[in-house]
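Take 1 as the starting number for the sequence shown in the UniProt record's numbering and just add one per residue.
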Amino acid sequence: MRIASWNVNSIRTRLEQLTSWLVRAAPDVVCMQETKVEDGSFPEAALSEVGYRSIVFGQKSYNGVAIAARFGLSVDDVKKGLDGDEEDVARRMLSATVEGIRIINVYVPNGQAVGTPAFAYKLAWLERLRRELEASYRPDQQLLICGDFNVAPEPIDVAEPKKWEGQVLFHPDERAALGRLMEWGLVDAFRACHPAKAAYSWWDYRMGAFRRNKGLRIDLALVTRP
Numbered sequence: 001m002r003i004a005s006w007n008v009n010s011i012r013t014r015l016e017q018l019t020s021w022l023v024r025a026a027p028d029v030v031c032m033q034e035t036k037v038e039d040g041s042f043p044e045a046a047l048s049e050v051g052y053r054s055i056v057f058g059q060k061s062y063n064g065v066a067i068a069a070r071f072g073l074s075v076d077d078v079k080k081g082l083d084g085d086e087e088d089v090a091r092r093m094l095s096a097t098v099e100g101i102r103i104i105n106v107y108v109p110n111g112q113a114v115g116t117p118a119f120a121y122k123l124a125w126l127e128r129l130r131r132e133l134e135a136s137y138r139p140d141q142q143l144l145i146c147g148d149f150n151v152a153p154e155p156i157d158v159a160e161p162k163k164w165e166g167q168v169l170f171h172p173d174e175r176a177a178l179g180r181l182m183e184w185g186l187v188d189a190f191r192a193c194h195p196a197k198a199a200y201s202w203w204d205y206r207m208g209a210f211r212r213n214k215g216l217r218i219d220l221a222l223v224t225r226p
């Protein structure tokens, strides 16, 4: 099964690119983050026209996650949110079992700036995710956590690691929190396949970072061992 992940940064803005890509690439499943739309306004019909059913968990203008699965695939046990989210209005996690594979789609908080309440919230959110894994899942089951983690795991995942050291997206506390999550029994799929490859998934829009390929790999696919 081919499963993709994409921070669309507004599903309505990226809809044409998304549907064109779905037709061209034909993944079985795509997990989307930052859909930035309420559930009733999600463009389910447009995705249906190109062969996908949509599971959505969104909010107006911010956050939001969705899973699109090809028609004909079994989709069961949908769960919206993270345990303990009852008082948290941010919609950041959506889970479903597709053809027997548990897929957890996440949009981890950005953290804004080190030392702020937003940064503490980010670390606490990652810890809550780890606790949910321990309470609800097993490392020997087929499971994927993918999405925008807003954390670069290692120096190889940052084009300019010295510049980013100690900042949000590459702070030691964030990396340690991600490490504790992975210790539950997860493998970084990209790094397992490409041990020495420097590749990035996000570039600061300032200073021509994309043109110069000065990015960070903060979008991850973490899987249980086969």
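Cβ atoms here follow ideal geometry from the backbone N, Cα and C, with glycine treated the same way.
Cutting at 6 Å between CB atoms, please list the residues of its own chain near T35, excluding the five before and the five after it. For the purposes of this step, residue 35 is taken as residue 35 along the sequence shown, with counting starting at 1. Excluding residues within five positions, the ones whose Cβ falls inside 6 Å are I11, G58, G64, A66.
Simplified DSSP state of I11, which is helix, strand or coil: Position 11 of the sequence shown, counted from the first residue, corresponds to residue 11. Three-state result, I11: helix.
Buried or exposed: which applies to S127, given that a residue is buried once 16 or more other Cβ atoms fall within 10 Å of its Cβ? Counted from its first residue, the sequence shown places residue 127 at position 127. Strictly speaking, residue 127 in this sequence is Glu, with Ser absent from that position. Its Cβ having fewer than 16 others within 10 Å, E127 is exposed.
8 Å contact criterion, which Q112 and V168 should meet: CB distance rounded: Residue mapping note: residue 112 aligns to position 112 of the sequence shown, counting from 1. Residue mapping note: residue 168 aligns to position 168 of the sequence shown, counting from 1. About 7 Å separates the Cβ atoms of Q112 and V168, confirming a contact at the 8 Å cut-off.
Can you list the alpha helix (DSSP H) stretches of 4 or more residues lying completely in the stretch 117 to 145, in chain order? 117 to 136
Between which two residues does the beta strand (DSSP E) containing F57 stretch? Taking the first residue of the sequence shown as 1, we reach residue 57 at position 57. Run containing F57: 52 to 57, per the beta strand (DSSP E) assignment.
For T13, is the classification buried or exposed, using 16 other Cβ atoms within 10 angstroms of its Cβ as the cut-off for buried? For this step, residue 13 is matched to residue 13 along the sequence shown. So T13 ends up on the exposed side.
Return the CA-CA distance between W202 and A135, expressed in angstroms with no decimal places. Here residue 202 is taken as the residue at index 202 of the sequence shown, counted from 1. Here residue 135 is taken as the residue at index 135 of the sequence shown, counted from 1. Rounded to whole angstroms, W202 to A135 spans 32 Å at the Cα level.
Measure the alpha-carbon distance for V89 versus L82 and round it to whole angstroms. In the sequence shown, the residue the question calls residue 89 occupies position 89. In the sequence shown, the residue the question calls residue 82 occupies position 82. Taking the straight line from one Cα to the other gives about 11 Å.
CA-to-CA distance, A68 to C31, given in whole angstroms: As a first step, residue 31 must be located in the sequence shown, where it is residue number 31. As a first step, residue 68 must be located in the sequence shown, where it is residue number 68. Distance from the CA atom of C31 to the CA atom of A68, rounded to whole angstroms, is 7 Å.
Rank I103, I218, C146 by C-alpha distance to the C-alpha of K79 and give the top, closest one. Here residue 79 refers to the residue found at position 79 when the sequence shown is read from its first residue. Cα-wise, what sits closest to K79 is I103.
So within the stretch 147 to 217, which uninterrupted alpha helix (DSSP H) runs reach at least 4 residues, ignoring any that extend past its ends? 161 to 164, 172 to 183, 189 to 193
For R24 and F42, the rounded distance between their alpha carbons: By 1-based counting over the sequence shown, the position of residue 42 is 42. By 1-based counting over the sequence shown, the position of residue 24 is 24. Those two C-alpha atoms are separated by around 22 Å.
State the start and end residues of the unbroken alpha helix (DSSP H) segment that holds A221. As a working note, residue 221 is residue 221 in the sequence shown. First-last for A221: 219 to 224, but that is the beta strand (DSSP E), not the alpha helix (DSSP H).
Compute the Euclidean distance between the alpha carbons of V108 and D39, then round it to the nearest angstrom. In the sequence shown, residue 108 corresponds to position 108, counting from 1. In the sequence shown, residue 39 corresponds to position 39, counting from 1. If you take the alpha carbons of V108 and D39, they lie about 19 Å apart.
In whole angstroms, give me the CA-to-CA distance for T116 and L18. Here residue 116 refers to the residue found at position 116 of the sequence shown. Here residue 18 refers to the residue found at position 18 of the sequence shown. Spanning the two alpha carbons is a distance of roughly 35 Å.
Sort R191, A118, R212 by Cα distance to E160 and report the nearest one. In the sequence shown, counting from the first residue as 1, residue 160 sits at position 160. Checked all of R191, A118, R212; the closest Cα to E160 is R212.
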